[in-house]
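Asker: Here's a structure for you.
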Amino acid sequence: MMIAGLDSSVVRTPDREDLQILLRIMEIYLSDPMRKARSFWRTIPDGLTLEELLERYPRGSEEFELFGSMMVFWETIGSLMKHGLLNEELAFDTFLDAPPWKKVEAAFVAMRKEPGKAVEAENLEFAYRRSMKWMERHAPGAEEIGSKSS
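The sequence shown stops at residue 174 when you use our numbering, and every number in between is there.
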């Protein structure tokens, strides 16, 4: 996915504003409601269809609300990244290295085929794809950011 005005090859050094944003996100992510949502999320089998998700966790149930909390969190993270408002280097290096796209990919790819749903979970997917690129750059043997080959 190409975002106008966002050059994904440019790595920006984090500043104090980035630090404050990240600390606030960490505060939210580590809060009791999100801890509960993350614990629930780990119990969801990978690859369920939307119908299977709704059958197991019907709208109005506590589980549906926990699912929704995680989706809102990751959609927000992806949107902030997409618009250059969250420093990816700092976020992925600190704690956001595994956006849970693969867990819900089947459900949302199918949902996107429905009229009016073409962008469902696109920000979560964006965050996941950016994290994969970050991990490639930081894999053992990968060239260090900012270093030059001699």
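Every residue, glycine too, gets a C-beta built ideally from N, C-alpha and C.
What does the alpha-carbon distance come out to for the pair Phe116 and Ile45?
Answerer: Position 92 of the sequence shown, counting from 1, holds the residue named residue 116. Position 21 of the sequence shown, counting from 1, holds the residue named residue 45. Phe116 and Ile45: Cα-Cα distance of roughly 13 angstroms.
Asker: Less than 7 angstroms separating the beta-carbons of Pro123 and Ser155?
Answerer: Sequence index remark: in the sequence shown, residue 123 carries index 99 (1-based). Sequence index remark: in the sequence shown, residue 155 carries index 131 (1-based). Taking C-beta atoms as the reference points, Pro123 and Ser155 count as a pair closer than 7 angstroms.
Asker: Do the CB positions of Ser103 and Ala61 come within less than 7 angstroms of each other?
Answerer: Taking the first residue of the sequence shown as position 1, residue 103 is located at position 79. Taking the first residue of the sequence shown as position 1, residue 61 is located at position 37. No, the Cβ-Cβ distance between Ser103 and Ala61 is not below 7 angstroms.
Asker: If contact is defined by three or more beta carbon pairs under 8 angstroms, each pair taking one atom from either stretch, is the region 143-151 in contact with the region 100-114?
Answerer: yes
Asker: Let me know the secondary structure DSSP gives Lys126 once reduced to three states.
Answerer: Numbered from its first residue, the sequence shown carries residue 126 at position 102. Lys126 sits in a helix when the DSSP states are folded into three classes.
Asker: Can you name the start and end residues of the alpha helix (DSSP H) that Lys137 belongs to?
Answerer: Numbered from 1 along the sequence shown, position 113 holds the residue referred to as residue 137. For Lys137, there is no enclosing alpha helix (DSSP H), as DSSP gives it neither H nor E.
Asker: Compare the C-alpha of Thr73 against each of Ala134, Arg66, Trp158 and name the closest.
Answerer: Looking up residue 73 in the sequence shown gives position 49. Closest option to Thr73, Cα to Cα, is Ala134.
Asker: Does Ile49 come out as helix, strand or coil in the three-state DSSP assignment?
Answerer: For this step, residue 49 is matched to residue 25 along the sequence shown. DSSP places Ile49 in helix when its eight states are reduced to three.
Asker: Using a Cβ-Cβ cut-off of 8 angstroms (strictly less than) and excluding sequence neighbours within five positions of Gly170, which residues of its own chain qualify?
Answerer: Within the sequence shown, numbered from 1, the residue matching residue 170 stands at position 146. Here Gly170 scores only 47 on pLDDT, less than 50, and its place in the model should not be relied on; the value that follows carries that caveat. Excluding residues within five positions, the ones whose Cβ falls inside 8 angstroms are Val35.
Asker: For Ser55 and Ile49, I'd like the C-alpha separation in whole angstroms.
Answerer: Start at 1 with the first residue of the sequence shown, and residue 55 comes out as number 31. Start at 1 with the first residue of the sequence shown, and residue 49 comes out as number 25. Their backbone Cα atoms lie some 10 angstroms apart in a straight line.
Asker: Does any residue of chain E have a CB that is nearer than 7 angstroms to the CB of His107?
Answerer: Given the protein chain composition of this structure (a single chain), no chain E is represented.
Asker: Just to confirm my understanding: we take Ala130, look at its own chain, exclude 5 residues before and 5 after, and list those with CB closer than 8 angstroms. What are they?
Answerer: To locate residue 130, count along the sequence shown from 1; it is residue 106. These residues qualify, in order along the chain: Gly71, Leu72, Thr73.
Asker: Taking the alpha-carbon positions, what's the Glu87 to Trp158 distance?
Answerer: The count along the sequence shown starts at 1 and reaches residue 87 at position 63. The count along the sequence shown starts at 1 and reaches residue 158 at position 134. If you take the alpha carbons of Glu87 and Trp158, they lie about 31 angstroms apart.
Asker: Answer with buried or exposed for Leu47, where buried requires no fewer than 16 other C-beta atoms within 10 angstroms of its C-beta.
Answerer: The count along the sequence shown starts at 1 and reaches residue 47 at position 23. The residue in question, Leu47, is exposed, as its Cβ has fewer than 16 Cβ neighbours within 10 Å.
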